[in-house]
Amino acid sequence: MKERNVALYYTLLYTAIVMFLWIVFKPFFQICLFSFILVMLVDAIASLLKKFFRLKRKRIATILAMVVFFFLFAWALVEVLPKAFTQLADFYNLVSKVIREKAWQEYLAQQEGLAKLLNDLADFLVPYLDKLLEFVLKWIAANVPNFLVVTFFTILCGIYASFHAGAIARFIPNLYPATCRSFVDGFVNDFKVSMRRFIGVLVLNAMIVGLAFGVLFTFLSPRYAPLIGIWAFVTNLIPIVGVPLELVPILLFSLTLGLGTLLWVFVFAFIVHLFVFVLFFEVTKTTMRVNPVLMILSIALGGMLFGFAGVFVGAPMAAYATIFYKHFLKARFEET
């Protein structure tokens, strides 16, 4: 069908333009990415508030959602962040002590091969521990200006887009010739629904893991339980790649509580992450109709193209490719 082909070519053109801008201008990519995430989060909160309070106007629900979101954001900055930095410093000193003193030797006296491997790893890491603080301070100083610019425009774009998300979605078909806009409407609506579901399951998984580790360490080490719970929540907002970032410091800390505790924490982490992985991939497969293999490859490709922030767009890229195939390529292949 001619109209479908026109929509296909225009979509490929706009996709190429956006990808070019994202690759060349990384701050622009970050602003687009985090603004999109902010809009999706506010939209999800607004939908819950609208149903719970039976609000008739979406704008009122959006205003309340923005108030809730920025209240929690401000609370985290004022209350949680300073305490987290304090506990993080103590946590770093503790993990550093474990590495310097090679605390695992007494537990692995009978496992000479494993003990030697860990000792060699510790000897390799010790010189870098002294330089870590200097590196972090230099990295912060170098990235603060870019961070402030990205944060400012993310909040600005996120607020504007949250109130005008419907108008923006309705405007997108106007970028296409009138004859093919019906195809574009379905494409945009499907992608919007997929992103809502993706953000929802991502936040749900992060909450499950964060609460699970927070509760576990309430019994093992109450002092660090809030920090570990928050760390698990934040890192699990990063699809798949966030899991190693989460587990390495948690397992190192668990070693200070004994080898038996380390093994139990490892088993606990395996069970929790197996559950959330199955949940994540089942939801993406059934509701977003995205193949898990395509999802993993897209996350890897996003990281290669856009760096660390690119892992956030891996799942949206997979959803976009799947919906693009469904609306434009599938019918074209069946016709030929």
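For the sequence shown, the working numbering gives the first residue as 76, with consecutive numbering after it. Quick reminder that beta carbons are idealized off the backbone N, C-alpha and C, glycines included.
| Query | Result |
| --- | --- |
| Cβ distance (whole Å) where L212 is taken to contact S171 below 8 Å | Not really, about 16 Å apart at Cβ, beyond 8 Å. |
| Coil, strand or helix - I174 by DSSP | helix |
| The stretch 104-124 contacting the stretch 235-255, beta-carbon criterion three pairs below 8 Å | yes |
| Classification of M392 by the beta-carbon crowding that lies within 10 angstroms, buried from 16 upward | buried |
| With 16 other Cβ atoms within 10 Å as the buried cut-off, status of F383 | exposed |
| Helix, strand or coil at F278 [DSSP, three-state] | The sequence as given places Val at residue 278; Phe does not occur at that position. Helix, per DSSP. |
| Nearest-angstrom Cα separation, counted from L83 out to A300 | 51 Å |
| Three or more C-beta pairs below 8 Å linking the stretch 86-93 and the stretch 365-379 | no |
| Y299, enclosing alpha helix (DSSP H) - first and last residue | Neither: Y299 is in no alpha helix (DSSP H) and is coded neither H nor E. |
| Where the alpha helix (DSSP H) through V340 begins and ends | L334 to T361 |
| Cβ distance (whole Å) where G304 is taken to contact L286 below 8 Å | 7 Å |
| Completely contained alpha helix (DSSP H) runs for the stretch 240-285, where each covers 4 or more residues | 240-246 |
| Distance CB(E409)-CB(F258) smaller than 8 Å | no |
| Cα-Cα separation between F308 and P314, rounded to whole angstroms | 12 Å |
| Where Q105 falls: helix, strand or coil (DSSP) | helix |
| Cβ-based neighbour list, F343, same chain, cut-off 7 Å, excluding 5 preceding and 5 following | L291 |
| Three CB pairs or more closer than 8 Å across the stretch 351-361 and the stretch 267-287 | yes |
| Contacts around A260, its chain only, beta-carbon distance under 8 Å, and the 5 residues preceding and following it disregarded | For the sequence presented, residue 260 should be read as Asp rather than Ala. Closer than 8 Å at Cβ, skipping near neighbours: P248. |
| Boundaries of the alpha helix (DSSP H) in which G389 is found, first to last residue | G389 to F399 |
| L404 versus A375: straight-line alpha-carbon distance, rounded | 24 Å |
| Residues of its chain near N221, where Cβ-Cβ distance is below 7 Å and the 5 sequence neighbours each way are ignored | P102 |
| Residue burial classification, M370 (beta-carbon count within 10 angstroms, cutoff 16) | buried |
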